[in-house]
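Beneath this line is the structure, given in structure tokens, with notes to follow.
In our numbering, the protein residues as written are 58 to 222.
Given below as structure tokens:
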């Protein structure tokens with residue numbers, strides 16, 4: 058049950074809300090992260106659409122700056138606190154199924170595909186892996202894996218007396 062009863066403090070009734078923003082992360086009362094994931098994908102899509110508008114104009118910004126804008130604005134906005142809401146992808150071998158946030162990775166990959174099309178100016182039917190190689194970008198799934206692994210290493214490197222150790 059996702060309904061939380063209202064709380065009363067000194068006669069003031071405080072109703073619960075389905076989500077709460079804490080340090081830029083939308084946290085719901087079931088810790089499912091759906092609201093934050095949808096918000097992150099929406100932000101990424103909005104920023105990429107703005108980049109597409111910048112690249113369509115005749116006197117638009119150069120392609121190198123488009124790539125830098127994508128990497129420094131859209132990717133950082135999409136992947137904020139990714140180590141909280143993304144389950145790293147895992148493949149045991151080629152015959153087994155994949156584990157992790159596969160659907161989220163595919164949705165984020167579509168956003169990167171749109172961004173690379175606007176960066177390189179190619180046709181939308183070009184394969185994503187070819188576009189990523191041409192634009193010299195690593196696949197977004199690998200970037201997310203790297204961010205999750207960096208967070209794990211950061212937590213593991215804390216001294217034994219640290220509260221997060």
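Glycine included, every Cβ here is placed at the ideal spot set by N, Cα and C.
Note that the coordinates shown come from a computational prediction; the quantities given were computed from them, not determined experimentally.
Taking residue i as the reference, which of the options has the closest Cα?
i, options, result
"residue 147", "158, 141, 221 and 95", "158"
"residue 37", "191, 184 and 164", "It is not possible to answer for residue 37, since the shown part of the chain is limited to 58 through 222."
"residue 53", "106, 137, 68 and 203", "There is no way to answer for residue 53, as the model of the chain reaches only from 58 to 222."
"residue 130", "118, 144 and 103", "103"
"residue 199", "93, 99, 87 and 165", "165"
"residue 189", "201, 202 and 172", "172"
"residue 204", "213, 175 and 145", "145"
"residue 134", "92, 140, 100 and 88", "100"
"residue 224", "86, 78, 79 and 115", "The requested residue 224 does not occur in the structure, where the chain is confined to residues 58 to 222."
"residue 142", "156, 93 and 117", "93"
"residue 76", "66, 60, 65 and 67", "60"
"residue 139", "207, 120 and 121", "207"
"residue 132", "167, 118, 155 and 83", "167"
For residue i, is the classification buried or exposed, using 16 other Cβ atoms within 10 angstroms of its Cβ as the cut-off for buried?
i, result
"residue 160", "exposed"
"residue 281", "Since the displayed the chain opens at 58 and closes at 222, residue 281 lies outside it and no answer follows."
"residue 169", "buried"
"residue 202", "buried"
"residue 209", "exposed"
"residue 71", "exposed"
"residue 175", "buried"
"residue 162", "buried"
"residue 121", "exposed"
"residue 197", "buried"
"residue 187", "exposed"
"residue 115", "exposed"
"residue 88", "exposed"
"residue 58", "Note that residue 58 scores a pLDDT of 47, beneath 50, so its modelled location is shaky and nothing firm can be said."
"residue 218", "exposed"
"residue 221", "exposed"
"residue 64", "exposed"
Which partner residues of residue i appear in the DSSP bridge assignment?
i, result
"residue 64", "71"
"residue 132", "Residue 132 is not bridged to any residue."
"residue 156", "147"
"residue 79", "82"
Since residue i and residue j should fall inside the 8 Å C-beta cutoff, what is the C-beta to C-beta distance between them, to a whole number of angstroms?
i, j, result
"residue 128", "residue 112", "Actually they are not in contact, since the Cβ atoms of residue 128 and residue 112 sit about 15 Å apart, beyond 8 Å."
"residue 108", "residue 126", "6 Å"
(message) Threshold first: 4 residues or longer. Then list the alpha helix (DSSP H) segments lying entirely within the stretch 82 to 128, N to C.
(response) Counting only runs of at least 4 residues, the stretch 82 to 128 fully encloses the following alpha helix (DSSP H) elements, listed from N- to C-terminal order: 91 to 113 and 120 to 126.
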